[in-house]
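Novice: Chains as they are written, first to last, in this note's numbering: chain V, 697 to 1142; chain H, 4 to 529.
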Amino acid sequence: MRYLPLSDEDRRQMLSVVGAKDIAALFQDVPADALDPGFDLPTHKSELEVERILGRMAAKNRTASAGPFFVGCGAYKHHVPATVDHIIQRSEFLTSYTPYQPEIAQGTLQYLFEFQTQVAALTGMEVANASMYDGSTACAEAALMARRVTRRSRVVLSGGLHPHYASVTRMSSELVGDEVVFAPFAPTGDADIEALIDETTSCVIVQNPDVFGNVRDLRPIARAAHEKGALLVAVVTETMSLGAVESPGAMGADIVVGEGQSIGNSLNFGGPYVGLFATREKFVRQMPGRLCGVTADTDGKRGFVLTLSTREQHIRRDKATSNICTNSGLCALAFTVHMTLLGEAGLRRVAALNHEAACKAADALSAVKGVDVLTSAYFNEFTLRLPSNAEAVVDRLAAADIIAGAPGGRLWPDEPQAENLLIVAATECTSDEDIASFAAALAGTI
Amino acid sequence: MTMNNQGRPTRGDATDATAETTTGNRALQIEESLIFEKDAYGETGVDFPAPTLTTNRLGGVERRGEIGLPGLSEPETMRHFVRLSQKNYAIDMGPFPLGSCTMKHNPRLNEKMARLPGFADIHPMQPEGSVQGALELIHVLSFWLKELTGMPAVAMSPKAGAHGELCGMMTIKAAIEARGESATRTRVLAPESAHGTNPATAAQCGFKVDNIPSDKTGRVDLAALKERLGPDVAGIMVTNPNTCGLFEREIRAIADAVHAAGGYFYCDGANFNAIGGKVRPGDLGVDAMHINLHKTFSTPHGGGGPGSGPTVLSAALAPFAPVPFIVEKDGRYRLIERRDAARTAGAEGELSFGRMTAFHGQMGMFVRALSYMLSHGKDGVAMAAEDAVLNANYVLARLKTEMTPAFEGYCMHEALFDDRFLADTGVETIDFAKAMIDEGYHPMTMYFPLVVHGAMLIEPTESESKAELDQFCDALLSLARRAKSGDVAAFKAAPRFAPRRRLDETAAARKPVLRWTPDAPLQAAE
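(1) Spell out a yes or no on whether the segment 792-803 of chain V and the segment 156-172 of chain H are touching, meaning 3 or more CB-CB pairs, one atom from each, closer than 8 Å.
(2) Provide the residue span of the alpha helix (DSSP H) that contains H/D382, from first to last.
(3) Quick one: which chain H residues come within Cβ less than 9 Å of V/H858?
(4) Quick one: complete beta strand (DSSP E) runs, 3+ long, within the segment 966-1033 of chain V?
(5) Given that a residue counts as buried once 16 or more other Cβ atoms are within 10 Å of its Cβ, and exposed if not, what is V/D894?
(6) Locate the alpha helix (DSSP H) running through H/P202, then write down its first and last residues.
(7) What's the call for H/N243, buried or exposed, on a 16-neighbour Cβ count within 10 Å?
(8) Answer yes or no: does any C-beta atom of chain H fall closer than 8 Å to that of V/L1061?
(9) Under 8 Å Cβ-Cβ, which residues of chain H neighbour V/R758?
(10) Quick one: any contact between the segment 96-106 of chain H and the segment 68-85 of chain H, if contact means 3 or more CB pairs under 8 Å?
(11) I want to verify the contact list: residues of chain H whose CB lies under 8 Å from the CB of V/G1104, in sequence order.
(12) Comparing alpha-carbon positions, which option in V/S712, V/F765, V/D1097 and V/K741 lies nearest V/V1120?
(13) For V/H858 and H/H293, I'd like the C-alpha separation in whole angstroms.
(14) Using CA atoms only, rank isn't needed, just tell me which of H/I175, H/V85, H/L249 and H/A496 is closest to H/E411.
(15) Mind checking V/M651: buried by the 16 CB within 10 Å criterion, or exposed?
(16) Is H/H416 near H/A395, with beta carbons less than 8 Å apart?
(17) What does DSSP give as the partner residues of H/C270 in its beta bridges?
(18) Beta carbons nearer than 8 Å to chain V: which residues of the segment 36-65 of chain H have them?
(19) What is the rounded straight-line gap between the Cα of H/N7 and the Cα of H/T13?
(20) What whole-angstrom Cβ distance do H/D441 and H/F500 have, given they're in contact under 8 Å?
(21) Do you know offhand how far H/A528's Cα is from V/V872's?
(22) How big is the Cα-Cα spacing for H/G15 and H/Q9?
(23) Would you verify that the beta carbon of V/Q814 is, or is not, closer than 8 Å to some beta carbon of chain H?
(24) Could you tell me which of H/K162, H/T187, H/A361 and H/A264 sits nearest to H/P313, measuring between CA atoms?
(25) Could you tell me whether any Cβ in chain V is nearer than 8 Å to the Cβ of H/H570?
(26) Per DSSP, H/R513 is paired with what?
(27) Which residue wins for smallest C-alpha separation from H/A512, given the options V/Q814, V/R843, V/C988 and V/T833?
(28) Based on the DSSP output, what are the partners of H/I533 in its beta bridges?
(29) Look at the Cβ atom of V/A1073, then the Cβ atom of H/R182, and state whether they are nearer than 8 Å.
(30) Can you tell me which of H/P446, H/A400 and H/R518 puts its alpha carbon nearest to the alpha carbon of H/P100?
(31) Would you say V/C1125 reaches chain H, if we count a Cβ-Cβ gap shorter than 8 Å as a contact?
(32) Determine the burial state of H/R335: buried for a count of at least 16 other Cβ atoms within 10 Å of its Cβ, exposed for fewer.
(33) What are the start and end residues of each continuous alpha helix (DSSP H) run of 4 or more residues lying completely inside the segment 795-856 of chain V, in chain order?
(34) Mind checking whether V/L1026 and H/P309 have CB atoms under 8 Å apart?
(35) Under a three-way DSSP split, which group does H/G136 fall into?
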């Protein structure tokens, strides 16, 4: 077994030092009838064999790069520079642990500090943590944090919040006894979400751009929330949008959560991703997750440590702000490296390219007879209304090797209005030819 | 001085070196500023074509003002992060004996497999027919996890160990609700030795948490547990092998008592590496258990994530499990994302409580874990567990001449020591740990579990050779002897050779500085 360094001779010598007759003696506390039950599994395989098995499975999947591809809805196909993957595969980053011994983990700690600073700048907030599992779980944690901050127990969800985010958030809030209020399904934007906020509301959760692609000014919602003493939680599932759309912080959000996958991370069929979590300085002690801060060593040199850990489960146990332990360190590193390469100039430019691709796609698709573009203000994603069931159209287009977008029926199975909707995303990876093939195939399909 | 024929010295003179350099750098250790301090605003390290759009459709909410993000060219970026990397310890450099964390070798085959475009470059919302190989992979991995644990169902979506705990406890809560007992069953029991995530998870599910004391042997005190059981108990959370590195001998009696009281048994699977391929938790009465793919199945820890925590479930809990699930029929794989679909497909989750996360879980980790499992096979997984247990016992046996084991007898995959051997030396557990850094080792887990004074928890894993373990034990034995010889100052001064000396965590927490700002250049905190 290529991964196990002990030889049989080593094992014999070691057992003799241990004073055990055989390996079985070391498992003496296990109920005898439960030991070595026999498993219906194969025996070990060579690298070559494993590569063949997994390669065969991989080859059955249609990759986003293989042809026209227009799915977004919380995960986006972007180009990631080669440098990013090289750096995150360095042993010192890949095979290190949570920086519990800061003197020999300054590499991890410094990039986490850089990540926190980048996320705070992007979201327009004062502090950000060292990452969450992903955007949806960060969203759920934001609702729980708003509960702690306001000591209220009513959560209002926008009709434009990704339905999977809404599901995750509803589950975790209801577990602690909160009431969760859903604004109506709203493909063209919430009509009057402000009216749902009352004096018992802990927070209103609004996605921008929303799941349909609508970009909106959050300021009126922020004002309405603050008048009632509630917090505005802004959700960003496409971090690339922050290079073009005003930051939630500048529009009055109290907590900003996001999915950072777009920066530095592959699609990975849904994970691992990297959750962003940022807020105002005054709420920092109510934040979930790890925080990295500045300090000095005994020689007076600047260094970084995990800090405010008295919020965390390993110290506070059942009184912790969250049960979160692992974050998404390596994905946060990928984010930091990519964002360092982009810089402000690169981010603004790639964001503009995304917007441009989406505008071109919307124009081409709206020209298809029977297709309406429902979204007027958007970044790189918008919603179409088709004359028939969108899921069936997506399947037909997939047969023609065009991955057309996310059908409404899959996201809102219980919502009849969603059945004919198709959510379409375009990015810097989308070519004019991709758009032309999509429009032509769509015209031929419906 | 020896010279060659150009007058170039070929041998250095022995001199008294000072510790300080003019740059602050120390040879291969380069001091590195933050990217924000490099004055690279307006630069970029990525080339794009120029956008041609002259108007926009952003609805009047375009971003105004500077964002404040520096950009570095590619060579600057590479150098920055490589310099940072060189300030980290890593499993690829040497033993990383963090108890309860299972820092084992991370095979690079797994990295290669996870990066196949067929896995890395596919979207979670693509049509089912275009991702049949991905669904197949999750299905096969699910089979391995169910077979290794002897459990009938598994929820694949939890994103980390603590998230798997949450999944298990949410499932238990849903099952209790379905029995109409949610108003009465409000307590969860967990041993004092439990990971902090256990009580935090139970609290996050709205349960009240009660401690179960440990007995003299470091295991759950069964009599005390029975006293605390009652009709108000929803379940227990027990780690097995436990955080003292010991197998809970009375595990079946524990399970029976909890079941008799109408509760469920959640097993924290953090220490599954000790028994993988040897014992099935399903044979021991477990109702739910998360599996840390980043521990047992070697997906890299990555400096603190991403993890992955699939949660296996008993038949009683399976109907409440979170979506999605994958079902196979006639070689065709389907992704079940809602209750009614689960019902018609006969899959788990027909009474599903909902979703744990936006998509299907940590696919990148699934590929790595399956690559690990296929490489090991059932024989290799069992052998890994045996070697992990043998290595821990070897360390225990070798170190007990100078250090003090917390409990009698053999251990499982990790050896627990307390600080009695440091009594009256003036050296504390943290000093001992920091001295290990100077010797070239990552310290063991310290001050955990809480049931042992000054705990030092050593988990060598199966990845260490005997020669490496001998060097490691020799180093620790020397340190223990040095501590007892009265050389306190050396311990208090440690580490001396790391990129940083001991860092002031109190100052960091008193006035937290959590990001760089242009108007307040960061000095060392006072």
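Cβ coordinates follow ideal geometry from the N, Cα and C atoms, glycine included.
Specialist: Quick answer:
(1) no
(2) M366 to L402
(3) A361
(4) 971-975, 987-992 and 998-1003
(5) exposed
(6) T200 to Q207
(7) buried
(8) no
(9) I125, Q129, S133 and V134
(10) no
(11) Within chain H, no residue comes near V/G1104; the closest Cβ sits about 12 Å away, beyond 8 Å.
(12) V/F765
(13) 27 Å
(14) H/L249
(15) Limits of chain V in this structure are 697 at one end and 1142 at the other, which puts residue 651 of chain V out of reach.
(16) yes
(17) H/V241 and H/M292
(18) L37, I38, F39, A43, Y44, G45, E46, T47, G48, V49, F51, P52, A53, P54, T55, L56, N59, R60, L61, G62, G63, V64 and E65
(19) 7 Å
(20) 5 Å
(21) Its pLDDT being 43, under 50, H/A528 is placed unreliably by the model, and nothing is read from it.
(22) 16 Å
(23) yes
(24) H/K162
(25) A question about residue 570 of chain H goes unanswered here, because the residues of chain H that appear run from 4 up to 529.
(26) The partner list for H/R513 (beta bridge, DSSP) is empty, contrary to what the question assumes.
(27) V/C988
(28) Beyond the ends of chain H as shown, which are 4 and 529, falls residue 533 of chain H; an answer cannot be given.
(29) no
(30) H/P446
(31) no
(32) exposed
(33) 802-819 and 831-846
(34) yes
(35) helix
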